[in-house]
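To keep things clear, I will list the structure first and then write my remarks on it.
Residue numbers (my numbering): 6 to 382.
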């Protein structure tokens, strides 16, 4: 037998074996697909029965049902994966079930749809208040104008989702992924974003109120001229964020990174800024009356024209801060750090109400004239 003939016979055997294995893998795939398809068909059958709610709530489970990998002719890796029992969901069936959710989008209040796959779904104006969408995949979905009040969206994928004009009051966004998400003109009153990933999101015209952004990276985000009164942003990264003329009255930003933040003319009245890092922050003309700045680092912060009346600066660092034209009436300065006579001379004082640390002594002469001495060199 010639060498060429031996090679031909060897390749023939290999081809026969490959074909046989491919047919076995294909049959296994079809069996798995048929099983899941049969389960999905039961959803269609029971949609118009009294048990429709329970049927719809089974959709996430069916979408996540897995079967053998589909072998592709000519693709050895896919054949091996299929024969070795590697499992994957069936995207075709998942898409069919997504369509059902789209059809019933106006009557899904209170439904449990945790882990549902609604990628690119059309849910414009949907009524989902009180629903459970934890761990849901909503990437690219359209939820413009939808009612999602009180919805659970913890760990959900909301990348490229439109939530413009949606009612998101009281929504649980904890550890959710919001990337390039459109939240323009949305109602975010009482929403909780704790630990969420928030990047390149749009908040123009959004309504806030006691919104929680704790442990969230919002660096560089534009919140200018918005009403964030009562919001919570504890331990958040707000570096270089824009809060120009923003209302942050009674907001809690404790322990947050506010380096180089823009708070020009912002309203921070009675806000909590305990332990924040305001290094090189722009606070010109800001209203900080009654704010708690204890332990804050205001190194090189620009506070010119700001109102610090009745604020608490206990243990705050004012090294290099600009206090020109800053109102210090009734401010708690007894334990402030690194305050200089040069800063005091440029600020607006109240002879009777402004108290200074022990290392600063003011000798008042006539009227508002005084001599400042510091024991610190």
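Even glycine gets a Cβ: it sits at the ideal position worked out from N, Cα and C. Note that the structure is a prediction, hence the values are computed from the model and not measured.
| Query | Result |
| --- | --- |
| Check whether residue 282 and residue 302 have beta carbons under 7 Å apart | yes |
| For residue 237 and residue 223, believed in contact at Cβ under 8 Å, the rounded distance | Actually they are not in contact, since the Cβ atoms of residue 223 and residue 237 sit about 12 Å apart, beyond 8 Å. |
| Cβ-Cβ distance between residue 252 and residue 267 below 7 Å | no |
| Collapsed DSSP secondary structure at residue 21 in the structure displayed | helix |
| Three-state class that DSSP yields for residue 365 in the structure shown | strand |
| Assigned secondary structure, residue 183 (DSSP; H/G/I helix, E/B strand, else coil) | strand |
| Whole-number beta carbon distance between residue 158 and residue 139, since they are thought to touch under 8 Å | 7 Å |
| Integer Cβ distance of residue 115 from residue 135, believed to fall under 8 Å | 4 Å |
| Start-end ranges of the beta strand (DSSP E) lying completely within the stretch 43 to 104, minimum 3 residues | 71 to 73 and 92 to 94 |
| Reference residue 371, options 360, 380, 356 and 381, closest by Cα | 356 |
| Backbone CA spacing between residue 197 and residue 216 [nearest angstrom] | 6 Å |
| Where the beta strand (DSSP E) through residue 329 begins and ends | Where residue 329 is concerned, there is no enclosing beta strand (DSSP E), given that its DSSP letter is neither H nor E. |
| Start-to-end residues for the beta strand (DSSP E) that takes in residue 377 | 375 to 379 |
| DSSP beta-bridge partners of residue 353 | 332 |
| According to DSSP, residues forming a beta bridge with residue 167 | 147 and 187 |
| Reduced DSSP secondary structure (H/G/I, E/B, other) of residue 274 | coil |
| Closer than 7 Å to chain C by CB, residue 339 | Among the protein chains of the structure shown there is no chain C, as only one such chain exists. |
| Classification of residue 182 by the beta-carbon crowding that lies within 10 angstroms, buried from 16 upward | buried |
| Under 7 Å between C-beta atoms of residue 164 and residue 188 | no |
| Inter-residue Cα distance where the pair is residue 220 and residue 256 | 15 Å |
| Beta-bridge pairing of residue 216 - partner residues as DSSP gives them | None, per the DSSP bridge assignment. |
| Rounded C-alpha distance that separates residue 71 from residue 102 | 15 Å |
| Proximal residues to residue 343 (C-beta, below 6 Å), its chain only, five neighbours per side dropped | 322, 323 and 324 |
| Residue environment, residue 262, which counts as buried when at least 16 other CB atoms sit within 10 Å | buried |
| Residue from 326, 42, 171 and 120 whose Cα sits closest to the Cα of residue 97 | 42 |
| Distance CB(residue 172)-CB(residue 147) smaller than 7 Å | no |
| Cα-Cα separation, residue 333 to residue 353 | 6 Å |
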